[in-house]
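Enquirer: Going letter by letter, the sequence shown gives residues 67 to 349 in this note's numbering. Beta carbons are placed, not taken as given, at the ideal position from N, Cα and C, and that holds for glycine.
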Amino acid sequence: MIYPNVISTTELKNRRKLLERERRIRRLTSLFRFGAILGFVTTTFWYTTLPHWVIRDSKQIEIEGNELMTVEEIRGLIPLRYPQSILKLSPQKLARDIKRKMPVEDVVVIKEFQPPRLKIRLKEKPPVAVAFSPKISPKTQQITFEKTGYLDADGVFVDKKFYQNLEKHKEKIPQLKIIGWPQTYLPYWQEIYYMVEQSSVKINTIDWRNPANMVLLTEIGTVYIGPYTSKFPEQLMVLEKMKTITGKIPREKIVYIDLMAPEIPSIKEKKEEEKSFNKYAGS
67 MIYPNVISTT
77 ELKNRRKLLE
87 RERRIRRLTS
97 LFRFGAILGF
107 VTTTFWYTTL
117 PHWVIRDSKQ
127 IEIEGNELMT
137 VEEIRGLIPL
147 RYPQSILKLS
157 PQKLARDIKR
167 KMPVEDVVVI
177 KEFQPPRLKI
187 RLKEKPPVAV
197 AFSPKISPKT
207 QQITFEKTGY
217 LDADGVFVDK
227 KFYQNLEKHK
237 EKIPQLKIIG
247 WPQTYLPYWQ
257 EIYYMVEQSS
267 VKINTIDWRN
277 PANMVLLTEI
287 GTVYIGPYTS
297 KFPEQLMVLE
307 KMKTITGKIP
317 REKIVYIDLM
327 APEIPSIKEK
337 KEEEKSFNKY
347 AGS
């Protein structure tokens, strides 16, 4: 009688051999995977520590696109610690760090291996105004104005240590000056600069030493604005309407133009009482 579920001795031996072979294959596969991972880690470590793929100092950094800042100045501000492995370096992170430390609009960092170096292409932010702060001489007690830095159009203050090449590009030196303390004007600079830039009356200097009275030095004379308020656009419009006033009153006779109340502008003349020119406030 034949029992179909009974396994012969030969078949059992074959199955044992098959299972043993499968176990050997699994062990070999595990060893292969471990070896591959170990090899990858070892190779990566070896490559990253290769002396030929390391930035040892800032001289291995090539700068492109700079005009106002010197190469030495830029290299000195690049936030890297030397020696620096090229493979470990993230170009995107370095570009972000450079934008935080320098007055630049755009930065591209490129890694090169033969020879090992970094190539940094940047686009500088041009300054739009020169910033001055009042300084009192301890000996004479006279007030002088010391250049402290620059402002860009976005209201970012740039220390005077930047733009060392600016003297070589005099056409790019800003004509507009701002006098005062950065904490006074920086919160409003972006909107003020836009309006000043759009004005048909040339404004040379913004004197904001006194927060209660912003003073504009313009092509038609000194202008008192008072505290900076939402009336500033209206004050500039009135100033534009008074642009031809020097045809009636010589500029040298104008002490100041008072636009603190733009609806009733007035002019202080030398040797004369203050006169109102309400007609310039109209349309």
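Sort E133, L134, E138 by Cα distance to Q126 and report the nearest one.
Expert: Here residue 126 refers to the residue found at position 60 of the sequence shown. Comparing Cα-Cα distances from Q126 to each of E133, L134, E138, the minimum goes to E138.
Enquirer: Are at least three pairs of beta-carbons, each pair with one atom in the region 153 to 168 and one in the region 208 to 222, less than 8 Å apart?
Expert: No contact exists between the region 153 to 168 and the region 208 to 222.
Enquirer: Based on the DSSP output, what are the partners of Y229 in its beta bridges?
Expert: Position 163 of the sequence shown holds residue 229. Answer is none; Y229 lacks a bridge partner.
Enquirer: Quick one: residues in its chain with C-beta nearer than 7 Å to the C-beta of V175, no 5 flanking neighbours on either side, listed in chain order?
Expert: Here residue 175 corresponds to residue number 109 of the sequence shown, with the count starting at 1. Taken in chain order, the residues that qualify are P157, L160, A161, L184, I186.
Enquirer: Identify the residues that DSSP records as bridge partners of P157: which are they?
Expert: On the sequence shown, residue 157 is found 91 positions in, with the first residue counted as 1. Per DSSP, none; premise fails for P157.
Enquirer: Compute the Euclidean distance between the alpha carbons of Q264 and R122, then round it to the nearest angstrom.
Expert: Residue numbering aside, residue 264 sits at position 198 when the sequence shown is read from its first letter. Residue numbering aside, residue 122 sits at position 56 when the sequence shown is read from its first letter. Taking the straight line from one Cα to the other gives about 49 Å.
Enquirer: Do T250 and I286 count as a contact pair if the criterion is CB distance below 9 Å?
Expert: Position 220 of the sequence shown, counted from the first residue, corresponds to residue 286. Position 184 of the sequence shown, counted from the first residue, corresponds to residue 250. No, the pair does not count as a contact, with Cβ atoms beyond the cut-off.
Enquirer: Please classify Y260: does DSSP put it in a helix, a strand, or coil?
Expert: Position 194 of the sequence shown, counting from 1, holds the residue named residue 260. In the structure shown, Y260 sits in a helix (DSSP, three-state: H, G or I).
Enquirer: Beta-carbon within less than 6 Å of G292's beta-carbon, same chain only, minus the 5 sequence neighbours each way: which residues are those?
Expert: Mapped onto the sequence shown, residue 292 falls at position 226. These residues qualify, in order along the chain: N279, M326.
Enquirer: Between which residues of its own chain and Y346 is the CB-CB distance below 6 Å, once the five residues before and five after are set aside?
Expert: The residue labelled residue 346 in the question sits at position 280 within the sequence shown. Low confidence applies here, because Y346 scores a pLDDT of 48, under 50, leaving its location unreliable and the question unanswered by this model.
Enquirer: So which of E133, K337, E178, F100 has the shortest CA-CA distance to K234?
Expert: By 1-based counting over the sequence shown, the position of residue 234 is 168. That would be E133, whose Cα lies nearest to the Cα of K234.
Enquirer: Could you tell me the alpha carbon to alpha carbon distance between R99 and R89, rounded to whole angstroms?
Expert: Mapped onto the sequence shown, residue 99 falls at position 33. Mapped onto the sequence shown, residue 89 falls at position 23. Going from the Cα of R99 to the Cα of R89 covers about 15 Å.
Enquirer: Would you mind giving the Cβ-Cβ distance between A197 and G215, rounded to the nearest angstrom? I have them listed as a contact below 8 Å.
Expert: Taking the sequence shown and counting its residues from 1, one reaches residue 197 at position 131. Taking the sequence shown and counting its residues from 1, one reaches residue 215 at position 149. Right, the Cβ-Cβ distance comes to about 5 Å (below 8 Å), so this counts as a contact.
Enquirer: So, at 6 Å on beta carbons, what are the nonlocal neighbours of E130 in its own chain, with the 5 sequence-adjacent residues on each side left out?
Expert: For the purposes of this step, residue 130 is taken as residue 64 along the sequence shown, with counting starting at 1. Result list for E130: R187, in chain order.
Enquirer: Please confirm whether L242 and T271 have their CB atoms less than 9 Å apart.
Expert: The residue given as residue 242 occupies position 176 in the sequence shown. The residue given as residue 271 occupies position 205 in the sequence shown. Cβ atoms of L242 and T271: closer than 9 Å.
Enquirer: To the nearest angstrom, how far is it from the Cα of S124 to the Cα of K189?
Expert: Taking the first residue of the sequence shown as position 1, residue 124 is located at position 58. Taking the first residue of the sequence shown as position 1, residue 189 is located at position 123. For S124 and K189, the distance between alpha carbons rounds to 19 Å.
Enquirer: In the DSSP assignment, the alpha helix (DSSP H) including V137 goes from what residue to what residue?
Expert: Translated into the one-based positions of the sequence shown, residue 137 becomes position 71. Taken as a continuous stretch (DSSP letters only), the alpha helix (DSSP H) holding V137 covers 137 to 143.
Enquirer: Considering only C-alpha positions, which residue in the set L282, R275, T295 is nearest to V267?
Expert: Along the sequence shown, read from residue 1 onward, the residue named residue 267 stands at position 201. Considering only alpha carbons, the answer is L282.
Enquirer: Check this for me: beta carbons of D218 and P253, under 9 Å apart or not?
Expert: Within the sequence shown, numbered from 1, the residue matching residue 218 stands at position 152. Within the sequence shown, numbered from 1, the residue matching residue 253 stands at position 187. No, the Cβ-Cβ distance between D218 and P253 is not below 9 Å.
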